[in-house]
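*Asks:*
There are 4 protein chains.
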Amino acid sequence: MIKKAIAIMTSGGDSPGMNAAARAVVRTALYEGVQVYGIKDGYDGMLKDDIIELTSRSVSDIIQRGGTFLGTARCPEFKTPEGRRKGYENLKKRGVEGLVIIGGDGSLTGGSLLSKETGIPIVGLPGTIDNDVWGTDYTIGCDTAANTIVDALNKLRDTASAHRRIMIVEVMGHKSGWLAMESGIAGGAEYVLVPEVKYDLDQMCEDIKAQYAAGKRYSIIVIAEGAGDGMGLGKIVEEKTGIDTRVSVLGHIQRGGSPTVEDRMKASMLGEKAALALISGASDVVFGFEQGKVVSINLFDSVNNKKTLDPELVRLARVLA
Amino acid sequence: MIKKAIAIMTSGGDSPGMNAAARAVVRTALYEGVQVYGIKDGYDGMLKDDIIELTSRSVSDIIQRGGTFLGTARCPEFKTPEGRRKGYENLKKRGVEGLVIIGGDGSLTGGSLLSKETGIPIVGLPGTIDNDVWGTDYTIGCDTAANTIVDALNKLRDTASAHRRIMIVEVMGHKSGWLAMESGIAGGAEYVLVPEVKYDLDQMCEDIKAQYAAGKRYSIIVIAEGAGDGMGLGKIVEEKTGIDTRVSVLGHIQRGGSPTVEDRMKASMLGEKAALALISGASDVVFGFEQGKVVSINLFDSVNNKKTLDPELVRLARVLA
Amino acid sequence: MIKKAIAIMTSGGDSPGMNAAARAVVRTALYEGVQVYGIKDGYDGMLKDDIIELTSRSVSDIIQRGGTFLGTARCPEFKTPEGRRKGYENLKKRGVEGLVIIGGDGSLTGGSLLSKETGIPIVGLPGTIDNDVWGTDYTIGCDTAANTIVDALNKLRDTASAHRRIMIVEVMGHKSGWLAMESGIAGGAEYVLVPEVKYDLDQMCEDIKAQYAAGKRYSIIVIAEGAGDGMGLGKIVEEKTGIDTRVSVLGHIQRGGSPTVEDRMKASMLGEKAALALISGASDVVFGFEQGKVVSINLFDSVNNKKTLDPELVRLARVLA
Amino acid sequence: MIKKAIAIMTSGGDSPGMNAAARAVVRTALYEGVQVYGIKDGYDGMLKDDIIELTSRSVSDIIQRGGTFLGTARCPEFKTPEGRRKGYENLKKRGVEGLVIIGGDGSLTGGSLLSKETGIPIVGLPGTIDNDVWGTDYTIGCDTAANTIVDALNKLRDTASAHRRIMIVEVMGHKSGWLAMESGIAGGAEYVLVPEVKYDLDQMCEDIKAQYAAGKRYSIIVIAEGAGDGMGLGKIVEEKTGIDTRVSVLGHIQRGGSPTVEDRMKASMLGEKAALALISGASDVVFGFEQGKVVSINLFDSVNNKKTLDPELVRLARVLA
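Chains as they are written, first to last, in the UniProt record's numbering: chain A, 1 to 321; chain B, 1 to 321; chain C, 1 to 321; chain D, 1 to 321.
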């Protein structure tokens, strides 16, 4: 049972909805009579002692903002036991009794080491647009990112149907094709290339040539960065098909933007749950969603297992291609 | 088992994602070797024999469009057994062996009568922004509508925080407060008034006055049309609080717009399922989502029961107020 | 010539782009070595001595925000000579030698009285979504507001074309129909009703009935609030035509949202110009745009003349109806 | 004076607003009692005789769509006198007496040759997001494209301010930096690199390093494709500064999207003017905007001169950097 204070941080790549989650953590803890410290720039701020007390007002007017008001940064020093000990001391001296970490796989792994070595209670929330955290159907930000990509695909369709061109869009996802699949299907892409599924480039180019010969006006290919480099793919496809090919690389635009209703709602629910659980004595858990309900996952299980792509998405993408 | 042809129609208030659902029905049926007829303007077109054959191309380039390419209209004549019989004859003469209806409660009720009286197999899909169909957590269009409202709330916050004003937004929902609750919470509204929950207007006005006296710059009130008239509420609140109050009535804007990723994905999944089930011999079922999975609901159960508002939403709205 | 300090305020109804203008005023003045004070909540803050010094950082990260970071409020006391004297004293005691006012007609009139009575140099910038300031083709925020309305009209077209309905949209504009005209034409509205032009309601309803009889699926009517009440119009039109009619009242949504490129660019140019002119010794001028170029208008001329609606817009609306 | 028929085509890269312009041409001509033929896919359709008659209905519901409903394609054959003669014959056999061409510099050059060789009256409209047509301040689509880029920059700011990163955005503009400048300034970019202005890469990297050392959290660099390759620049900047650098390449997304109010209004005005002028006997002119008014430019002057970047934009970008 926590009586005095908790801390909260965001870590790793930011994602839209992190602010909504942090707001819910802060307001819930304060409501329960527990102080909240905000750690700036993730593990880096924990080490550099860049930690401030948060009030209800600190999280006003942020639910609609992309990014994270707490910041996030890389911190190689935290990868050493000494670094983690140093960070822990900065929390301890303020009387912090537990920590909420919002971030992806790597950030949660850092948290699991901190927990093991120092015993500080840790609750994690999956914050990443990649939707690749084991044990949860949903991660904070994935819905907004998918909608941002579909918006871009809508714009590309306008212009692609005016020309006879092949359009390639490189989206995020080093190891996970979830974002590419979801947005590719919803955006009506003809091909979706993801790291988890092998694709036959020659066959794809042959198919496209045949379709264009039959009068099709355009093809949109979505490729996850982990499945290949968009620019490189563009050159190969243009060469193999002889059809003008244009490439867009969305990059970090996918991490920004005002969060969608789903990301605001689910992030708020997860934040409330994280604060209540931590205060009640929970540790080493990650909260996520399974089948539409909030579930708790063991932190070590979450970081030690790899989520796989829903084969139903792969099937749907093929059917609709 | 259907061998030759099915028909599809949209009915009642249109909602974003109906096109995605219809596209999936058409493409799935054609893939299974079954013809598809599109009925224009709902039951009205069924009676007036405004029915056309659909091809894969008929549903190209519509997944991103709001509204419904099939149209929808009111049809008092269909409320009589003679009317329904006449409609049925127009399907029968084309060899139509089953019907997919995309619409809300009223439209599905019409379908249940048609099924009872003529025996034609009917599969329903819940298409309404109100999310008020019994047996399913989700209805086609509700996610897009909620995001449209939140977008409006984002804009209101900009200007509300510049003034010291009360902002009232009237949203759709005659009998159901789901849309108001979901968008009110996600949009950070201070009060959400819905038909299902009594509210104390005097108390609310007292609270607002106290908050303004304490320095709060603005309040946003979301009211579902079934809980009262926005314009009328505005006058009362302004009078009781003495604070400038402004009202927006979003109206049919909430039914339009390019569907979100969630509405496109779920509508596509439901459309595929509806076509496969109907062709396989199913009848008198509605497909929806429960806990993130497609489920089938008995058509008569669906239209004879009333969905209630998730009390968790009501709680959340109170906590965050 | 100003050597030490200027002040800046926003006043009246806020409009998107006011922040961009204020940012340019602040950065330009600081660059010229002159201090800048920000007056909170317009004339109200001037009287209540709610005035803070602004730095370059105070205006960071605001160019993309709607509303005004300085706030705005009503101030009946400023309408008296005593009130204005009191406000002036608050500026004087800080060594403020000149004032930039961003606001509409009423706010600039207040400024003209302050100038006459106290002699403090005043430069005005036209900030209002109504585009109704005399002497300038453009006012800060009008482009964003017009785009917000057209966005709403786009959504209405989706759903209007699905039904056979009449859609009415009430937009801002008590005395000026510019916003209604511009957005109505760009949004493809069938009728645009503005305060400056008489319309024949009976004739309009007859026309609509005839068009619907001839197969037209929908009509969109845009009405400026000064030309009538949208809700009231809806009832009359429904009664006279017998066609289902739905009304949206956009309200203050039109004042919010991230400013467009045009509003950001023109507001920035006006802000730079205002600061440079004030520092160089100008007074009693308003800066605006004529034929694409920044122009200066005499402050008293601006507030004493009434801008009329461009007849070319009226003509265009008729041609395209 | 044209009595019977005109034709209209879009050519080169498509741009948002081309549909609005074409709609105005069609409706104006029909109103004047002149038939209109639509040439599909630009010069390619002219040669392949892919030409259809357009009605008022052909251009319904397109004002809000990006791209061009007429299509556009490359046509090497049209670069030969024989090709142009063949195209001309296809117009002549339909009784087409004049042609409206909507497109960029290259397309208008094609038109000028057609006019010289065959004598057919030609009126051009500048349709390109690059805003690089000589003699006009404005080209159809440039406002929408600039707003699309600024939208992307808004999203990048969210995430850039969460990390300490450099963000590079490559935008269109092979020979012209207008789009980069306009969107870079409006979007608050720290650096804007354009083909017309030399930049010192080493100095820029030194400056950025110094700013980051002083606490600045992020820099956004906008680069026009003609000033260098975004991906390549990213690698160099990361190497020289030692700061994480991320690159977005917007590509053809910039050509799509629903047109802004400005693009709809100005395109409509230009379309009306083009039709009226052509019918009245004009030839070899391009209509554009100068200082907010429609102006006519000699077609040969337009294609033989090169528009330069407004030095005021260059200055503004420096001041605000």
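Just so you know, even glycine gets a beta-carbon here, dropped at the ideal spot from N, CA and C.
Using the Cα positions of Gly177 (chain C) and Gly228 (chain A), report the straight-line distance between them to the nearest angstrom.
*Replies:* If you take the alpha carbons of Gly177 (chain C) and Gly228 (chain A), they lie about 54 Å apart.
*Asks:* Since Arg246 (chain C) meets chain B, which of its residues come closer than 8 Å, beta carbon to beta carbon?
*Replies:* Gly251 and His252
*Asks:* By Cβ distance below 6 Å, which residues in the same chain neighbour Thr245 (chain A) in space, the five residues on each side in sequence not counted?
*Replies:* Ile166, Gly234, Val237 and Glu238
*Asks:* Please identify, using Cβ separations under 7 Å, the residues of the stretch 202 to 236 of chain D that lie next to chain C, in order along the chain.
*Replies:* none
*Asks:* Using Cβ-Cβ distances below 9 Å, what residues of the stretch 178 to 190 of chain C are close to chain D?
*Replies:* Glu182, Ser183, Ile185, Ala186, Gly187 and Gly188
*Asks:* List the residues of chain D that Glu238 (chain C) touches, going by C-beta distances under 9 Å, in chain order.
*Replies:* Within chain D, no residue comes near Glu238 (chain C); the closest Cβ sits about 24 Å away, beyond 9 Å.
*Asks:* What are the residues in the stretch 257 to 274 of chain C lying within 7 Å of chain B by C-beta distance?
*Replies:* Gly257
*Asks:* Give the residues of chain C in contact with Val150 (chain D), contact being defined as C-beta atoms less than 7 Å apart.
*Replies:* Val261
*Asks:* With a threshold of 16 other CB atoms inside 10 Å of the CB of Leu278 (chain D), please say whether the residue is buried or exposed.
*Replies:* buried
*Asks:* Which residues, in chain order, does the stretch 52 to 68 of chain B contribute to contact with chain C at a C-beta distance below 7 Å?
*Replies:* Arg65, Gly66, Gly67 and Thr68
*Asks:* According to DSSP, is Lys79 (chain B) helix, strand or coil?
*Replies:* helix
*Asks:* Comparing the C-beta of Gln291 (chain C) with each C-beta of chain D, is any distance below 9 Å?
*Replies:* yes
*Asks:* State the start and end residues of the unbroken beta strand (DSSP E) segment that holds Ile62 (chain B).
*Replies:* No beta strand (DSSP E) contains Ile62 (chain B), which DSSP labels as neither H nor E.
*Asks:* Looking only at its chain, what residues have a beta carbon closer than 8 Å to the beta carbon of Ile185 (chain A), apart from the 5 residues adjacent to it on each side?
*Replies:* Val192, Leu313, Leu316, Ala317 and Leu320
*Asks:* Would DSSP call Pro311 (chain A) helix, strand or coil?
*Replies:* Note: Pro311 (chain A) maps to helix in three-state DSSP.
*Asks:* My assumption, with CB atoms under 8 Å, is that Pro259 (chain D) sits in contact with Gly17 (chain D). Please give the rounded CB distance.
*Replies:* Contact between Pro259 (chain D) and Gly17 (chain D) holds: their C-beta atoms lie close to 4 Å from each other, under 8 Å.
*Asks:* Residues of chain C with CB under 8 Å from Ala146 (chain D), in chain order?
*Replies:* Ordered by position in chain C, the residues that pass the 8 Å Cβ test against Ala146 (chain D) are Val261.
*Asks:* For chain A, find out if any of its Cβ atoms is closer than 9 Å to the Cβ of Arg74 (chain B); answer yes or no.
*Replies:* no
*Asks:* In the DSSP assignment, find the unbroken alpha helix (DSSP H) run with Glu182 (chain A) in it and report its ends.
*Replies:* First-last of the alpha helix (DSSP H) with Glu182 (chain A): Trp178 to Ala186.
*Asks:* Looking at the C-beta of Lys48 (chain B), does it have a partner C-beta in chain C at a distance below 9 Å?
*Replies:* At a cut-off of 9 Å between C-beta atoms, Lys48 (chain B) does not count as an interface residue with respect to chain C.
*Asks:* Candidates D:Val303, D:Lys306, D:Ser280 and D:Lys307: which alpha carbon is nearest Pro121 (chain D)'s?
*Replies:* D:Ser280
*Asks:* Would you list, in sequence order, the uninterrupted beta strand (DSSP E) runs of no fewer than 3 residues that lie entirely inside the stretch 131 to 175 of chain D?
*Replies:* 165 to 171
*Asks:* On the DSSP bridge assignment, give the partners of Ala224 (chain D) in chain order.
*Replies:* D:Val171
*Asks:* Taking all protein chains shown into account, do 16 or more other C-beta atoms lie within 10 angstroms of the C-beta of Asp301 (chain D), making it buried, or fewer, making it exposed?
*Replies:* exposed
*Asks:* Expressed to the nearest angstrom, what Euclidean distance is found between the alpha-carbon atoms of Ile63 (chain C) and Arg255 (chain C)?
*Replies:* 15 Å
*Asks:* So Arg157 (chain A) contacts chain B; which residues on that side make the cut at Cβ distance below 8 Å?
*Replies:* Asp61 and Gln64
*Asks:* Mind checking whether Ala7 (chain D) and Val100 (chain D) have CB atoms under 9 Å apart?
*Replies:* The answer is yes: Cβ separation under 9 Å.
*Asks:* Quick one: what does DSSP say Ile243 (chain C) is sitting in, helix, strand or coil?
*Replies:* coil
*Asks:* Below 8 Å on C-beta distance, what does Val154 (chain B) contact in chain A?
*Replies:* In the sequence on display, residue 154 (chain B) carries Asn and not Val. Within chain A, Gln64 and Ser258 have C-beta atoms less than 8 Å from the C-beta of Asn154 (chain B), given in sequence order.
*Asks:* Pro126 (chain C): which of C:Lys116, C:Ile149, C:Gly111 and C:Glu117 sits nearest, CA to CA?
*Replies:* C:Gly111
*Asks:* Hey, Gly292 (chain C) and Gly141 (chain D): beta-carbon distance below 9 Å or not?
*Replies:* no
*Asks:* Would you mind working out which of D:Ser296, D:Gly173 and D:Val261 sits nearest Ala275 (chain D), comparing C-alpha positions?
*Replies:* D:Ser296
*Asks:* Can you list, in chain order, the residues of the stretch 119 to 139 of chain A whose Cβ is nearer than 8 Å to any Cβ on chain B?
*Replies:* So the close ones are Asp137.
*Asks:* Check whether chain A comes within 9 Å of Arg27 (chain D), counting only Cβ atoms and requiring the distance to be less than that.
*Replies:* no
*Asks:* If I'm right that Ile253 (chain C) touches Thr148 (chain C) with Cβ under 8 Å, what's the distance once you round it to whole angstroms?
*Replies:* Going by Cβ atoms, the distance from Ile253 (chain C) to Thr148 (chain C) rounds to 7 Å, so yes, they are a contact pair.
*Asks:* Would you say Ile174 (chain C) faces chain B, with C-beta separation under 9 Å as the test?
*Replies:* Inspection of the sequence shows that residue 174 (chain C) is occupied by His rather than by Ile. Nearest CB-CB separation between His174 (chain C) and chain B: not below the 9 Å threshold.
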